[in-house]
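Residue numbers (our numbering), protein chains in the order written: chain P, 4 to 387; chain D, 4 to 387.
I have placed the structure first, in the form of structure tokens, so that the comments after it can refer back to it.
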């Protein structure tokens, strides 16, 4: 049985991407590699929907988050860190590890931050606001546009963790006043894991250049931008050549589909999942109106074990989904619908989930979720 | 024409390694991935020839060097940094970027450091000594064993950059008193670029645990070791799954050949290259007795352009070699004989170099270099 990854990263790779990765390695100072990297850099600008440079580092998304911190801030700098779950907490850890003075604003898990609360929380001397776009642990999306609007005109750098949203959910760094958007390769972008991408505003670049107190070398934006500013872009240090070749293919596929159509596909798959799940009588974990478009978190019904549902879906249907993290372990299951995942996959996942629930004695009308989701698909298909 | 990379990284990948890389991505918390990573971790212990843990980070070798610095030292700590070329200078840059108090000892390019000079240079309060094993820019190897011997009994952490040596040249961290050995995947280890490996002594682990003043998150040894200490080893953050799968294959090939035989093959290829080059009347750049076993730097004869030689070898023979860095640009060419490179490749490279020189009017007896190298091979083949 072919296994299908409906986890929040890594996500399945398109065959063209696998093919581009599985080639003999090229030297990273050759024209052939340079052209592929150039194509990737240009494609990323398109996908990030901003006329800002996008920096590539060989690292996980966590490394990219660290890169944002050490370029924008120095030890002792005060930042407002809004956490809506596990990945907000991780960003707080990174800031603390880098010696920042962190004002951590904890939002109840399952809820999104209220933009007006961000503004009222700001104290004198705050140099940055850091927010997770899509909180992978709870399936909640934060309104990064409204927060950006609230920060307009202030001398505050606004950093957004878009690791599990970018490519699957609308992000507009210029219009939304965002200075650094961080993402990683292996989520909605259909690239293999191992690269992190950072879209940096002129203000962030300026801050990185002015920053005298920070300790950075590998993550240094200045070096990265210098090497990008060549006839064909390069990286200061040996990149993961094969991952760049593969990512260049993947981003090409997104460009071909069109980023707005890709966002729409993710939004459609998310609605299909939510309506299907509700048709089973299950409850979503995210509050109404703040549900993510790349991942749906579902409360596990009383008397059934999350692990049993996941095992059943994996062993009987070849669909791998995720459980809950930290305090949500055992309480929720999470179905990712991001990247190289399509409406048919969502229908398969709903069918597998129904089957799992029935086999553990949960009463539901077989096929109703599937049918509900199919109707959403039909309705939204017509809109295009 | 198939191109052959005889550059100091990336180096050619064995077909099994390419094949393992070019597969659908696995989730990094699955048993199948865990088993491959476990095989890699165990194989690396064998290749590093020490009963010390080997930490894997998704990053280039430069990232690994930074990881060594931020775990062993804190801003303000004094280290003795010995530079014998471009990569020694880079390590100095990293230390300075991380806020260390760097006593930089510059050795003339082309020469190795004298171990007794290291000892006499040590000042009170020095917490670390940092040395490049194989200086890729000059083709010089430093006697890391003798320096380790000189540091025995002292409360000094000894960090070695073995990026372009490990797997191709003997390194024995335990016997040689080395606390951190850093290498990267894409050199002698026949793995794709994108991973860095650090072999850490109990003393280095202790220092990382005690270190209170350092700013680190992504590179934190403590987190990495915690995650390795599971039934099947893991990493704290999403790893470059496909690169790990590929590297696990590559390290398996080294284990099959046997590390001592691999070292011997590199030493044999280096002698073949040196003797062949000398038979052409050319001069080596590294001083007698300190020539690297993974890379040979050759002085370009008067009146011939380094770029022309390289272009000829690439276009006519499909062999890509390197030029000189920084002040050595145009003055030397560098032939790497590391990783998935064999004696036949060295003969091909010598033949191509002869051909290039002749075509640019350099007088030499065609075939003599090739024959000289073949004789070295014959003689050393008998020894095994």
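Backbone N, C-alpha and C define an ideal beta-carbon position, used for all residues, glycine too.
In this text the structure is predicted, and so the values were computed from the model without any measurement.
(Q) Do residue 53 of chain D and residue 205 of chain D count as a contact pair if the criterion is CB distance below 7 Å? (A) Counted from its first residue, the second chain places residue 205 of chain D at position 202. Counted from its first residue, the second chain places residue 53 of chain D at position 50. For residue 205 of chain D and residue 53 of chain D, no; Cβs fall outside 7 Å.
**Q.** Member of P/354, P/211 and P/220 whose CA lies at the smallest distance from the CA of residue 279 of chain P
**A.** Stepping through the first chain from its first residue, residue 279 of chain P is reached at position 276. Ranking the options by Cα distance to residue 279 of chain P, first place goes to P/354.
(Q) Just to make sure I have the definition right: I need the residues of chain C whose C-beta is within less than 7 Å of the C-beta of residue 100 of chain P. Which are they? (A) The structure shown has no chain C; the protein chains it does contain are P and D.
Q.
Bridge partners for residue 86 of chain D per DSSP, in chain order?
A. Here residue 86 of chain D corresponds to residue number 83 of the second chain, with the count starting at 1. Note: residue 86 of chain D sits in a beta bridge opposite D/109.
Q.
Tell me the rounded alpha-carbon separation between residue 351 of chain D and residue 342 of chain D.
A. In the second chain, residue 351 of chain D corresponds to position 348, counting from 1. In the second chain, residue 342 of chain D corresponds to position 339, counting from 1. The alpha-carbon atoms of residue 351 of chain D and residue 342 of chain D are separated by roughly 16 Å.
Q. Would a C-beta distance cut-off of 7 Å place residue 147 of chain P and residue 82 of chain P closer than the cut-off?
A. For the purposes of this step, residue 147 of chain P is taken as residue 144 along the first chain, with counting starting at 1. For the purposes of this step, residue 82 of chain P is taken as residue 79 along the first chain, with counting starting at 1. Pairing residue 147 of chain P with residue 82 of chain P gives a Cβ-Cβ distance that is not under 7 Å.
(Q) Once DSSP output is grouped into helix, strand and coil, what is the label at residue 44 of chain P? (A) For the purposes of this step, residue 44 of chain P is identified with residue 41 of the first chain, where counting begins at 1. Helix, per DSSP.
Q: Report the neighbours of residue 26 of chain D on chain P: residues whose CB is nearer than 8 Å to its CB, in chain order.
A: Working through the second chain from its first residue, we reach residue 26 of chain D at position 23. Residues of chain P with a Cβ closer than 8 Å to the Cβ of residue 26 of chain D are, in chain order, 21 and 25.
Q) What are the uninterrupted segments assigned as beta strand (DSSP E) that are 3 or more residues long and contained completely in the segment 143-218 of chain P, given in chain order? A) Runs of the beta strand (DSSP E) inside the segment 143-218 of chain P: 160-164, 183-187 and 198-203.
Q) Beta carbon of residue 160 of chain P, beta carbon of residue 142 of chain P: below 7 Å? A) In the first chain, the residue the question calls residue 160 of chain P occupies position 157. In the first chain, the residue the question calls residue 142 of chain P occupies position 139. Contact: no.
**Q.** Assigned secondary structure, residue 27 of chain P (DSSP; H/G/I helix, E/B strand, else coil)
**A.** Position 24 of the first chain holds residue 27 of chain P. Under the three-state reduction of DSSP, residue 27 of chain P is assigned to coil, being neither helix nor strand.
Q: Tell me whether residue 66 of chain D sits in a helix, a strand or coil according to DSSP, three-state version.
A: What you label residue 66 of chain D is simply residue 63 of the second chain in a count that begins at 1. The answer is helix: DSSP assigns residue 66 of chain D an H, G or I state.
Q: Assuming residue 55 of chain P contacts residue 203 of chain P (C-beta within less than 8 Å), just tell me the rounded distance between them.
A: Reading the first chain from its first residue, position 52 is the one you call residue 55 of chain P. Reading the first chain from its first residue, position 200 is the one you call residue 203 of chain P. Rounded, the Cβ-Cβ distance is 6 Å, consistent with contact.
Q: Would you mind reading off the limits of the beta strand (DSSP E) that contains residue 302 of chain P?
A: For the purposes of this step, residue 302 of chain P is taken as residue 299 along the first chain, with counting starting at 1. Residue 302 of chain P: member of the beta strand (DSSP E) spanning 298-302, first to last residue.
Q) Closest to residue 191 of chain D by CA distance: which of D/383, D/233, D/11 and D/372 is it? A) In the second chain, counting from the first residue as 1, residue 191 of chain D sits at position 188. Closest by alpha carbon: D/11.
Q) How would you list, in chain order, the residues of chain D whose beta-carbon sits under 7 Å from the beta-carbon of residue 197 of chain P? A) Here the question's residue 197 of chain P lines up with position 194 in the first chain. 61, 197, 243 and 246, listed in chain order.
Q | Residues near residue 151 of chain P by beta carbon distance below 7 Å, same chain, minus five either side | A | Your numbering for residue 151 of chain P matches position 148 in the first chain. Same-chain partners within the cutoff: 161, 179, 180 and 181.
Q: Could you have a look at residue 328 of chain D and say whether DSSP puts it in helix, strand or coil?
A: For the purposes of this step, residue 328 of chain D is taken as the residue at position 325 of the second chain. For residue 328 of chain D, the three-state secondary structure derived from DSSP is coil.
Q) In chain P, what lies closer than 8 Å to residue 13 of chain D by C-beta? A) Here residue 13 of chain D refers to the residue found at position 10 when the second chain is read from its first residue. Around residue 13 of chain D, the beta-carbon contacts reaching into chain P at under 8 Å are 28, 29, 30, 31, 241 and 244.
Q: Less than 8 Å between the CB atoms is what I'm expecting for residue 89 of chain P and residue 328 of chain P, so what's the real figure, rounded?
A: Taking the first residue of the first chain as position 1, residue 89 of chain P is located at position 86. Taking the first residue of the first chain as position 1, residue 328 of chain P is located at position 325. In this structure residue 89 of chain P is in contact with residue 328 of chain P, their Cβ atoms being roughly 5 Å apart against a cut-off of 8 Å.
Q | Rounded distance between the beta-carbons of residue 235 of chain D and residue 195 of chain D, thought under 8 Å | A | On the second chain, position 192 is the one that residue 195 of chain D refers to. On the second chain, position 232 is the one that residue 235 of chain D refers to. The Cβ separation is near 22 Å, so there is no contact.
(Q) So if DSSP puts residue 135 of chain P in a beta bridge, which residue, or which two residues, is it bridged to? (A) Here residue 135 of chain P refers to the residue found at position 132 when the first chain is read from its first residue. Note: residue 135 of chain P is bridge-paired with P/164 in the DSSP secondary-structure output.
Q | residue 97 of chain D: contacting residues in chain P (beta-carbon distance under 7 Å) | A | As a working mapping, residue 97 of chain D is identified with position 94 in the second chain. The answer, in chain order, is 220.
Q. Which partner residues of residue 358 of chain D appear in the DSSP bridge assignment?
A. To locate residue 358 of chain D, count along the second chain from 1; it is residue 355. Partner(s): none; residue 358 of chain D has no beta bridge.
Q. So which residues of chain D does residue 192 of chain P contact, with C-beta pairs closer than 9 Å?
A. By 1-based counting over the first chain, the position of residue 192 of chain P is 189. Residues of chain D whose Cβ lies closer than 9 Å to the Cβ of residue 192 of chain P do not exist, since the nearest Cβ in that chain is about 13 Å away.
Q) residue 60 of chain D by DSSP, collapsed to three states: which one? A) Here the question's residue 60 of chain D lines up with position 57 in the second chain. It is a strand residue.
Q: For residue 396 of chain P, count neighbouring Cβ atoms within 10 angstroms of its own Cβ and tell me buried if that reaches 16, exposed if not.
A: Beyond the ends of chain P as shown, which are 4 and 387, falls residue 396 of chain P; an answer cannot be given.
Q: Report buried or exposed for residue 345 of chain P, applying the criterion of at least 16 other Cβ atoms within 10 angstroms of its Cβ.
A: Here residue 345 of chain P refers to the residue found at position 342 when the first chain is read from its first residue. Under this definition residue 345 of chain P is an exposed residue.
Q: Give the range of the alpha helix (DSSP H) segment to which residue 337 of chain D is assigned.
A: Locating residue 337 of chain D in the second chain gives position 334, where the first residue counts as 1. For residue 337 of chain D, no alpha helix (DSSP H) run applies; the uninterrupted beta strand (DSSP E) run containing it begins and ends at 335-339, by DSSP.
Q | Min CB distance residue 10 of chain D to chain P below 7 Å | A | The residue you call residue 10 of chain D lines up with position 7 of the second chain. For residue 10 of chain D, the nearest beta carbon of chain P is closer than 7 Å to its own beta carbon.
Q. Under a three-way DSSP split, which group does residue 130 of chain D fall into?
A. For the purposes of this step, residue 130 of chain D is taken as residue 127 along the second chain, with counting starting at 1. Three-state result, residue 130 of chain D: strand.
Q: State the Cα-Cα distance for the pair residue 384 of chain D and residue 86 of chain D, rounded to the nearest angstrom.
A: As a first step, residue 384 of chain D is located in the second chain; it is residue number 381 there, counting from the start. As a first step, residue 86 of chain D is located in the second chain; it is residue number 83 there, counting from the start. Approximately 35 Å between the Cα atoms of the pair.
Q) When you compare each of P/126, P/184, P/127 and P/84 to residue 109 of chain P by their alpha carbons, which one comes out closest? A) Counting from 1 along the first chain, the entry for residue 109 of chain P is found at position 106. Per the Cα distances, P/84.
Q: Please state if the CB of residue 199 of chain P and the CB of residue 60 of chain P are separated by a distance shorter than 7 Å.
A: Taking the first residue of the first chain as 1, we reach residue 60 of chain P at position 57. Taking the first residue of the first chain as 1, we reach residue 199 of chain P at position 196. For the 7 Å CB-CB criterion, residue 60 of chain P and residue 199 of chain P form a contact.
Q. Do three or more CB pairs link the segment 114-127 of chain D to the segment 288-307 of chain D at distances below 8 Å?
A. With a cut-off of 8 Å, the segment 288-307 of chain D and the segment 114-127 of chain D count as touching, because enough Cβ pairs lie within range.
Q. Which residues of chain D have a Cβ atom closer than 8 Å to the Cβ of residue 298 of chain P, listed in chain order?
A. Numbered from its first residue, the first chain carries residue 298 of chain P at position 295. Within 8 Å of the CB of residue 298 of chain P, no CB atom of chain D is found; the nearest one sits about 15 Å away.
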